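The numbering used here applies: residue 314 is where the sequence shown begins, and numbers increase by one. Below is one structure, written out as structure tokens; the observations come after it.
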Amino acid sequence: MDFSIVVGFFVILGILFETIGIGASSKLFLSNEALIIVFGGLLASSFVMFPFRELRTMPARIRIMFRSKSRNYRADILLLLQLSHKIHSQGKASLEQDMDTIKDNFMKHAVNLIVADYPPADMKHMLKEMIETSENRHEQGIFYFEQLAKYAPGFALVGTLIGLVKLLAAISDPKSLGPNMATALVSTFYGVSLANLVFLPMAGRLRMLSYQERIHKEILIECLVAIASGELPYVVREKVYMLVTEADRKFLRSKEKA
């Protein structure tokens with residue numbers, strides 16, 4: 314699990330508990346009507362806007378945010394550098410023995426194309442298309458949470474208006490002023506808090522993970538195309554070193570020397 318997102322949510326909860334308090338004061342922020350309006354409205358809008366098959370994928374997208382990186386890109390680069398040495402000494406057909414050691418489907422498809430002597434330019438185009446397709450899938454999850462962030466304040470405003478209408482309609486009854494005003498204000502609190510403390514950060518995290526994956530795959534593509542083109546292992550390594558960070562270069566050099 315990636316603990317940064319857990320820390321972030323605990324900080325949010327800590328801020329809310331510190332400002333709202335625990336006990337009698339916290340009950341001021343509980344309103345059944347506001348909950349029904351905001352959460353019920355978000356649920357209804359989700360079903361209206363998104364097909365059910367897309368909604369079924371949302372739990373998996375949420376799990377991705379909490380999961381630490383399952384892919385070690387440094388290890389992927391080291392493996393490709395080793396394969397470039399093997400191709401140089403034994404030929405492309407020798408890579409068939411290493412297929413079981415390649416766990417990532419993206420790399421496995423590329424290495425299969427190398428073994429099949431697929432044209433490097435066509436292989437690069439195909440791998441970039443795979444990245445675009447993957448990003449389009451990611452964008453669906455990002456779009457979902459961005460839309461919820463837009464809808465939440467809107468339904469909060471609906472709750473606020475309902476509360477104000479009830480307040481004005483029963484303004485002659487002092488006992489109803491408090492509950493109606495609470496519905497109006499708590500609805501706004503729910504909507505704004507969900508949009509800015511939950512949905513927008515979740516969409517931003519998914520976008521950041523998507524950007525990160527693209528950068529790493531672009532590096533792997535350059536390495537794979539260089540291998541497919543028959544570049545010398547030294548050239549393959551230097552091309553990779555020009556694309557990675559200084560920390561990655563130091564790590565890769567230390568592992569290659571070891």
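Yeah, the Cβ is synthetic: ideal placement off N, Cα and C, and Gly gets one too. Owing to the predicted nature of the structure, the values given are computational and were not obtained by experimental measurement.
- Rounded to the nearest whole angstrom, the CA to CA distance from residue 327 to residue 491 is 27 Å.
- Rounded to the nearest angstrom, the gap between the Cα atoms of residue 362 and residue 510 is 22 Å.
- Between the segment 556–569 and the segment 385–399, the count of C-beta pairs closer than 8 Å reaches three or more; the two stretches touch.
- One alpha carbon belongs to residue 548, the other to residue 532, and they sit about 14 Å apart.
- 8 Å or more divides the Cβ of residue 318 from the Cβ of residue 365.
- Contiguous alpha helix (DSSP H) elements confined to the segment 320–355 do not occur, taking only those with 4 or more residues.
- Counted as a single uninterrupted DSSP element, the alpha helix (DSSP H) harbouring residue 379 occupies residues 371–379.
- Within its own chain, the residues whose Cβ lies closer than 6 Å to the Cβ of residue 520, once the five positions on either side in sequence are excluded, are 455, listed in chain order.
- Runs of the alpha helix (DSSP H) spanning 4 or more residues and lying entirely within the segment 430–493 occur at 433–482, in chain order.
- A Cβ-Cβ distance of about 13 Å is found for the pair residue 442 and residue 527, leaving them out of contact under the 8 Å criterion.
- Residue 396 sits away from residue 428, with the two beta carbons spaced by 8 Å or more.
- Here residue 360 is exposed, its C-beta having fewer than 16 other C-beta atoms within 10 Å.
- The continuous alpha helix (DSSP H) containing residue 389 extends over residues 386–403.
- Distances from the alpha-carbon of residue 470 to those of 496, 480, 458 put 496 closest.
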